[in-house]
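Quick mapping for you: the protein sequence lines, in order, are chains G and Y. The first sequence maps to residues 1 to 330 in my numbering. The second sequence maps to residues 1 to 310 in my numbering. Positions of the beta carbon are idealized from the N, C-alpha and C atoms, including for glycine. All of these numbers come straight from a predicted model, not from anything done at the bench. Worksheet: one structure, shown below.
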Amino acid sequence: MTTPLLSIRGLRTTLATERGQVTVVDGVDLDVQPGEILGLVGESGSGKSMTLRSILRLIRAPGRVSGQVLWRGRDLVPLREAEMRAIRGREIGMIFQEPMTALNPVLSVGAQILENLVAHTDLGRSARQARAVELLDLVGISAPAQRVNDYPHQFSGGMRQRAMIAIALASNPTLLLADEPTTALDVTIQDQILKLLMHLRATLKMAVILVTHDLGVVAQSCDRVAVLYAGRVAEYGAVGPVFAAPHHAYTLGLLRSVPDARHARQPLRPIGGAPPAPDTVGERCAFMPRCAYATAACATARPPLVSLSDGRLSACVHWDQLEANEWAAV
Amino acid sequence: MLARLPGRLLQMIPTFVLIGIVVFVLIRLLPGDPAAALLGIHATPEALARINAQLGFNRPVWVQFLLFVGRLLHGDLGISVSERIPVTEVIARRLPVTLILVVMAAIFALILALPLAFVAALHQNRLTDVALRGIFQVGLSTPIFYIGLLMLGFLGARLHWFPVGGIGNGVVSGFYHLFLPALTLGIGLSAILMRSLRSTVIGVLRAEYVEFARAKGIAPWRVLTGHVLRNSLITTLTLFGLNVGTLLGNTVIVENVFAVPGIGGLLVEAIFGRDYPVVQGVTLVLAVMVSLVFLLTDIAESWLDPRLNG
């Protein structure tokens, strides 16, 4: 395996809320290889978005990020704000779920690309303008020279997401953090945006971390997947093998809960219960209360993420007892 | 917006007609009349009748109104009862002082409100924020004449830093004399603006587009000026426009406290002297000023917020 582009170890993020400090990312370990698309899946509140924000240290004080975020061998966690700003946008870009709220409504799309170029490149005024048009063209916006002066409200939903991608790509980042970029879009547009991301990954040799709660999106577009539960990675591995034979009871539950369009009127098979509130897990497997495979062994400690074959990782005590056949038969 | 400008200007005409009618009627509802005010203790029924006939106030009210409107359409506001010169001249002599006073007050209000609102918002619920809000709360709840008197008594009479009244001679002296009255007016407005701007800035700081801007790695001051300030200004501008009417109304008080010879003072003199034409003229001028400010804030808003241009 090559050296990872990004290597996260023991990432912990605490936020300050009215009820005190809450740990929302609780020891995440992840690797991202150059040029790969890593899917980050999990239920709401599992820490997916917070993991992305923590990588770029977009956590407001008094929230805190600790652990190790090795970016090309350099730890981002202890960096000063000014050093961090040279990475944000320049080396690691980020796009958000809802382009309507993530784009500034009173600035033209062009202006929002230009400020990125001003911050991170030495391009002159006209070169920046040309680059902005080129970026809009790259993300598939037609008549980019005219549209560059348009405002976000003059774009359709899918076009706005394309515009946001163009802004994030302005200074050629080597990693794009995509926080549910397709969730707010209808399926046909969703498909276009995913294809665009895959196309950009291939042409720009850029890695992507794609946060989503949609397993279909992961299957369609990701090389590897990390399943998050209660602020920690439950399972990690290449998408094909993980989906074919999950090695964590939670992953199995997630896959089973996906409705199958081939069989009409099948009852849904949700995972019973709800994910735990942050900081209420204690020293046991966080998924134990909802798990059909739980035994006393799950209650002794929070199971560590252990290496299995083929670069797969699992934090499930009973990973080898899961009835993969039962899943395959569904 | 500019395409809609002629329409907006036309819409102002009915406003002015209505204000004209209301002022015309209201001033005549006050007890007393111009003749009685002119003659004072020398008033005899014969003298009163003679003067009222001279000034044309003996005619039926509707005839007076038609004459008023007819003259108004020619840009003539009538003759001042007390000064015997055209009202337009009286106003032209005293309007510039008030205009300068109001503009200075607005600038003071913005200079105070903008940075302090940001400081308060960026230190939300910490000591700086609480202290600033407390101070502005006092400013908001203190009557404007009292703020004026405090300024006058302390900075003027006690410390002799500022003159206590009048407008002096020359430009520099004029600005110097108008400093305290403008500051008094500005403090009241800044308290309103600061409260609104602070909460808007807090809201905008949490907006996702601000986080996206931070994720682009641009400098914090650029995030503040390019994203937070501009987006917060839109609501504050609306509030500013709405409060310019109050600001103009307050000039009446402040000009009297500081003996500033502007149209606020003129209005008070005219009401006491039952100088009907001057009261009507000043009120109409104030109405025109407020309408123009509304128009200007609308134009500025549509410039700041492209969504308003549809």
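Assigned secondary structure, residue i (DSSP; H/G/I helix, E/B strand, else coil)
i, result
"E235 of chain G", "strand"
"L175 of chain G", "strand"
"M206 of chain G", "coil"
"T182 of chain G", "coil"
"T3 of chain G", "coil"
"W71 of chain G", "strand"
"Q21 of chain G", "strand"
"T121 of chain G", "coil"
"S44 of chain G", "coil"
"A143 of chain G", "coil"
"A329 of chain G", "With a pLDDT of 44 at A329 of chain G, under the threshold of 50, the predicted position of this residue should be treated as unreliable, and no value is reported."
"S314 of chain G", "strand"
"S257 of chain G", "coil"
"S66 of chain G", "strand"
"P115 of chain Y", "helix"
"R300 of chain G", "It should be noted that the sequence gives Thr, not Arg, for residue 300 of chain G. Correct three-state label for T300 of chain G: coil."
"I21 of chain Y", "helix"
"I202 of chain Y", "helix"
"D31 of chain G", "strand"
Proximal residues to residue i (C-beta, below 8 Å), its chain only, five neighbours per side dropped
i, result
"L237 of chain Y", "T297, A300, E301 and L304"
"F16 of chain Y", "L284, A287, V288 and S291"
"L204 of chain G", "L169 and N172"
"V258 of chain G", "L215 and G216"
"V281 of chain G", "D26, A230 and R302"
"L268 of chain G", "S257 and P259"
Same chain only: Cβ atoms within 7 Å of residue i, ignoring 5 sequence neighbours per side
i, result
"L205 of chain Y", "A121 and V228"
"V164 of chain Y", "L152, G156 and A157"
"V218 of chain G", "G39, V41, T212, V225 and V239"
"L248 of chain Y", "V102, L286, M289 and V290"
"G273 of chain G", "P289 and R290"
"R88 of chain G", "L56"
"D275 of chain Y", "P34, S80, V81 and S82"
"F240 of chain Y", "L193 and T297"
"L5 of chain G", "V32, Q33, P34, R72, T174, L175 and A207"
Buried versus exposed call for residue i [16 or more other C-beta atoms within 10 Å across all chains shown]
i, result
"H263 of chain G", "exposed"
"V330 of chain G", "Only weak support exists for where V330 of chain G lies, its pLDDT of 45 falling under 50; the value from the coordinates is given anyway. Exposed, since its Cβ has fewer than 16 Cβ neighbours within 10 Å."
"T3 of chain G", "exposed"
"V255 of chain Y", "Per the sequence presented here, residue 255 of chain Y reads as Glu, with Val not at that position. So E255 of chain Y counts as buried."
"D310 of chain G", "exposed"
"D29 of chain G", "buried"
"E18 of chain G", "exposed"
"R4 of chain Y", "exposed"
"I41 of chain Y", "exposed"
"D320 of chain G", "exposed"
"E283 of chain G", "exposed"
"D260 of chain G", "exposed"
"A184 of chain G", "buried"
"S190 of chain Y", "buried"
"L313 of chain G", "buried"
"E89 of chain Y", "exposed"
"V171 of chain Y", "exposed"
Short CB-CB distance (under 8 Å) between residue i and chain B
i, result
"V69 of chain G", "Judged by its chain identifiers, the structure shown contains no chain B, and its protein chains are G and Y."
Other residues of its chain near residue i: CB distance less than 6 Å, five sequence neighbours each side excluded
i, result
"L15 of chain G", "V22, V24 and G63"
"D75 of chain G", "Q68"
"P144 of chain G", "V133, L136 and D137"
Chain Y contact residues for residue i, given Cβ-Cβ distances below 7 Å
i, result
"A102 of chain G", "E208, Y209 and F212"
"Y293 of chain G", "Near Y293 of chain G there are no residues of chain Y at all, since even the closest Cβ is about 39 Å away, more than 7 Å."
Chain G residues whose Cβ lies nearer than 8 Å to that of residue i
i, result
"N231 of chain Y", "N104, P105 and V106"
Within chain G, partners of residue i - CB distance below 7 Å
i, result
"D305 of chain Y", "V106"
"A215 of chain Y", "L56, L58, R88, G89 and M94"
"R198 of chain Y", "None at all; the shortest Cβ gap to chain G is about 18 Å."
Proximal residues of chain G, C-beta to C-beta of residue i below 9 Å
i, result
"G226 of chain Y", "N104, L107, A111 and E115"
"A219 of chain Y", "A82, R85 and A119"
"R222 of chain Y", "E115, V118 and A119"
Bridge partner(s) assigned by DSSP for residue i
i, result
"P45 of chain Y", "Its beta-bridge partners do not exist; DSSP assigns none."
"S307 of chain G", "G:L313"
"M94 of chain G", "G:L177"
"L38 of chain G", "G:I209 and G:R224"
"Y229 of chain G", "G:R232"
"D26 of chain G", "G:R12"
Contacts of residue i in chain Y (Cβ-Cβ under 9 Å)
i, result
"Y250 of chain G", "Result: empty, since nearest Cβ-Cβ is about 29 Å, beyond 9 Å."
"E98 of chain G", "E208"
Proximal residues of chain Y, C-beta to C-beta of residue i below 8 Å
i, result
"Y151 of chain G", "P306 and R307"
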